[in-house]
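Numbering (the working numbering), first residue to last: 2 to 432. Okay, structure first, notes after.
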């Protein structure tokens, strides 16, 4: 059960719709991401923590003393909200589940406001208990544009102290030893047909809605949102729109961008079950836009570290050129790999093993399949700041809640997040 302090703090942070916006004075990612950072730091300061802000892009909360710095890195920005929520996504809501007990619903409760708050609560509990590590400072670092550019944490890394070691609780358990390459391609060209079509809100979200207007008739498609790294958890409304057009008797060949989407969906780029320790290729056509004379489709790929990414680009270019469309690389983040045998990875693995049976839905057989370090498709701050590993924060057997409609977490799991962060701090400051 949450304490009154924890509930009030969470509500203050959740209530701010911190979707990235247009840069303004003292708010490079828009007013709301800066507002949530300011409130977090203000409330932490009231509790006796040292705080700081870095270029209005990131901030930090710290306690302890000494030369060594142990880090926890989270973000306070969130992705846009799609239709279909059962509750107001920016109001912390509670419900009861027969198996999991009390459950919290809100945009960001899992990605990544909830983990940021849980990390702060862990620090506060240790501080209140008088647990002051010798020769260590504990710093919670908070970014505000992770969902779009990660330039917030890049700015921090260029201007502030780098922790001797950090975790970023912005993925899943167990320890993440490899993050796939993130490749985003823009397919664009003339829209001489004049077709009006729109779909998706961000390239890193499986689009939940799409529509087109064909000869005065509006055709709509409804899917299900999910994180682009796990497109199999969603239903892509852009694909569904193409199918709806075909069902309506529309000849897609008259509209090159739509014909491309139809053929792309059958091209073998749709992912599948992971194979090998580095996983498999997945992709997500996440955003479709047209105007009177121009069309554009944004596609997000998650590519295993050992795969031939230039060959993938060449294949897409060849497909697109066949429809008179051009291909541009808008983002190409290198994959990340860490040593699975390092002492940090081993120590984090032991912490996870001691807590995994307390998470909702645990089965004893999961000890055999969900303890070893793994590769994932998500991109975290670990790519952008040295000495950092993604660790948690969701149980791997549960449905991924990142970017989902009705994003939620069981309160008992949230409490485990706090306990795991506390153990991380105590274990890593013993040296």
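All C-beta atoms in this analysis are idealised placements derived from N, C-alpha and C, irrespective of residue type, glycine included.
- Annotation note: the region 282-350 contains the following uninterrupted beta strand (DSSP E) runs of length 3 or greater, listed N- to C-terminal: 283-291, 295-304, 327-334.
- Taking a cut-off of 8 Å for Cβ pairs, the region 373-391 and the region 147-164 touch, as three or more such pairs fall below it.
- Using a 10 angstroms sphere on the CB of residue 291, the tally of other CB atoms reaches 16 or more, which defines it as buried.
- The C-beta separation of residue 382 from residue 144 comes to about 7 Å, placing the pair in contact by the 8 Å criterion.
- Excluding its 5 nearest sequence neighbours in each direction, residue 353 has C-beta neighbours in its own chain below 6 Å: 174, 175, listed in chain order.
- Beta-bridge partners of residue 391 (DSSP): 169.
- Excluding residues up to 5 positions away in sequence, 169, 172, 177, 381, 383 lie with their Cβ nearer than 6 Å to the Cβ of residue 391 in the same chain.
- When 100, 115, 99 are compared, the shortest CA-CA separation from residue 106 is found for 115.
- DSSP places residue 153 in the helix class (H, G or I) of the three-state scheme.
- In the displayed model, residue 256 falls within coil according to three-state DSSP, outside both helix and strand.
- Nearest C-alpha to residue 336 among 289, 343, 307, 234: 307.
- The beta-carbon distance between residue 319 and residue 98, rounded to whole angstroms, is 49 Å. This is too long to meet the 8 Å contact definition.
- Of the candidates 96, 239, 246, 149, 239 places its Cα closest to the Cα of residue 265.
- Runs of the beta strand (DSSP E) spanning 3 or more residues and lying entirely within the region 183-234 occur at 197-200, 210-215, 218-223, in chain order.
- Residue range 137-144 is occupied by the beta strand (DSSP E) that includes residue 143.
- Counting only runs that start and end inside the region 35-108, there is no alpha helix (DSSP H) element of at least 4 residues.
- Sequence-distant partners of residue 18 (beyond 5 residues in either direction) whose C-beta falls short of 7 Å from its own C-beta, in its chain, are 33, 91.
- DSSP places residue 178 within a strand segment (E or B) once states are collapsed to three.
- The C-beta of residue 338 has fewer than 16 other C-beta atoms within 10 Å across all chains shown, which makes the residue exposed.
- Our two residues, residue 267 and residue 125, have alpha carbons roughly 52 Å apart in a direct line.
- Residue 119 sits in a helix when the DSSP states are folded into three classes.
- Rounded to whole angstroms, residue 331 and residue 149 show a C-alpha spacing of 12 Å.
- Residue 207 sits close to residue 228, with the two beta carbons spaced by under 9 Å.
- For residue 28, the secondary structure class from DSSP, reduced to helix, strand or coil, is strand.
- For residue 236, the beta-bridge partners assigned by DSSP are 225.
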